[in-house]
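Taken in sequence, the protein lines are chains A and B. For the first sequence, the working numbering assigns the number 4 to the initial residue and increments by one for each residue that follows. For the second sequence, the working numbering assigns the number 418 to the initial residue and increments by one for each residue that follows. Using N, Cα and C, we set each Cβ at its ideal position, and we do this for glycine too. What follows is a set of notes on a single structure, which appears directly below.
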Amino acid sequence: LAKTTQPISMDSYEGQEVNITCSHNNIATNDYITWYQQFPSQGPRFIIQGYKTKVTNEVASLFIPADRKSSTLSLPRVSLSDTAVYYCLVGLELGKLIFGQGTTLQVKP
Amino acid sequence: EAGVTQFPSHSVIEKGQTVTLRCDPISGHDNLYWYRRVMGKEIKFLLHFVKESKQDESGMPNNRFLAERTGGTYSTLKVQPAELEDSGVYFCASSQERLASENTQYFGPGTRLTVL
């Protein structure tokens with residue numbers, strides 16, 4: 004199972020674009036890249052998933068370079084309510100999700 | 418559509434007592450998962466049901482933990498007897514299908530278990 008590496012924490016200000024990069028050097032050919040978001044006292048919430056190039060939805064964009072050894076979650080114009088922990092997950096092992104420490108994003112006014 | 422629900426939201430028990438956590442998955446989701454986070458650690462997988470069958474229980478810490486999913490609907494996770502190190506937040510998640518490469522799981526709010 005591919006191991007992921009992402010920054011422990013990031014700070015930003017309201018209205019800024021936030022980019023969180025995740026490294027996954029050992030990603031397998033069939034692996035998808037998935038990001039979850041977790042607010043305090045809540046369970047993780049799926050936000051975006053991709054295989055290659057770029058994926059965009061109403062919440063975020065996911066950029067994946069050709070070699071797929073990294074990915075970048077982009078949050079446009081963050082607000083205070085985007086303060087959360089963001090997890091990058093790669094691949095599946097019999098269906099179970101393997102969570103790392105995630106990146107704690109703190110958005111300041 | 419209702420999301421994944423868990424009950425209770427918080428439980429405080431004494432060491433040696435028994436606690437049963439309940440999870441109601443999203444209707445129609447055959448896959449049900451249990452995870453937990455103990456203090457300061459990462460979220461860890463406990464087990465996976467497909468309908469009423471245990472597909473993978475490799476994450477269950479020991480035989481004090483018993484999970485069931487009778488009828489393939491809701492699931493219970495019983496801890497008996499509870500120990501101090503069982504304290505943490507227990508999450509339940511469900512998904513509609515389990516492909517090898519992609520799997521969107523929907524999580525409940527979790528049950529915070531405190532063992533004194």
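Starting from T521 of chain B, find everything on chain A with Cβ-Cβ shorter than 9 Å and list it in chain order.
T37, F49 and Q52
G18 of chain A: contacting residues in chain B (beta-carbon distance under 9 Å)
Those do not exist, as G18 of chain A stays about 29 Å from chain B at its closest Cβ, beyond 9 Å.
D14 of chain A - containing beta strand (DSSP E), residue span:
S12 to Y16
Give me the residue from B:A419, B:M456, B:K461 and B:D447 with the minimum Cα distance to L501 of chain B.
B:M456
From the beta carbon of D447 of chain B, is the nearest beta carbon of chain A less than 9 Å away?
no
Can the beta-carbon of L108 of chain A be found closer than 9 Å to that of D85 of chain A?
Against a cut-off of 9 Å, the Cβ pair of D85 of chain A and L108 of chain A comes out as a contact.
Quick check on the DSSP output: the beta strand (DSSP E) that includes T56 of chain A runs from which residue to which?
T56 to T59
What residue range is occupied by the uninterrupted beta strand (DSSP E) comprising Y452 of chain B?
N448 to R454
Going straight from the alpha carbon of T75 of chain A to that of E514 of chain B, what length do you get?
26 Å
Spatial neighbours of L530 of chain B in its chain, beta-carbon cut-off 7 Å, leaving aside the 5 residues before and after
S428, V436, D503, S504, G505 and Y507
Indicate whether the contact test is met: 3 or more Cβ pairs, each with one atom in the stretch 420-434 of chain B and one in the stretch 471-488 of chain B, closer than 8 Å.
no
What are the boundary residues of the beta strand (DSSP E) that F466 of chain B is part of?
K461 to V467
Which residues in the same chain have their Cβ closer than 6 Å to the Cβ of K111 of chain A, if we skip the five residues on either side of it in sequence?
Y16
Can you give me, in chain order, the residues of the stretch 460-473 of chain B that have a beta carbon less than 8 Å from any beta carbon in chain A?
I460, K461, F462, H465, Q472 and D473
Whose C-alpha, out of A:Y39, A:T7 and A:G98, is nearest the C-alpha of W451 of chain B?
The shortest C-alpha separation from W451 of chain B is found at A:G98.
When you compare the CB positions of S77 of chain A and H27 of chain A, do they come within less than 9 Å of one another, or not?
No.
Which same chain residues end up closer than 6 Å to Q40 of chain A when comparing Cβ atoms and leaving out the 5 residues on each side of it in sequence?
R48, I50, A87 and Y89
Among the residues of its own chain, which have a CB less than 8 Å from the CB of A517 of chain B, if the five just before and after it don't count?
Per-residue confidence for A517 of chain B stands at a pLDDT of 48, beneath the threshold of 50, marking its modelled position as unreliable; the derived number appears in the next sentence. None.
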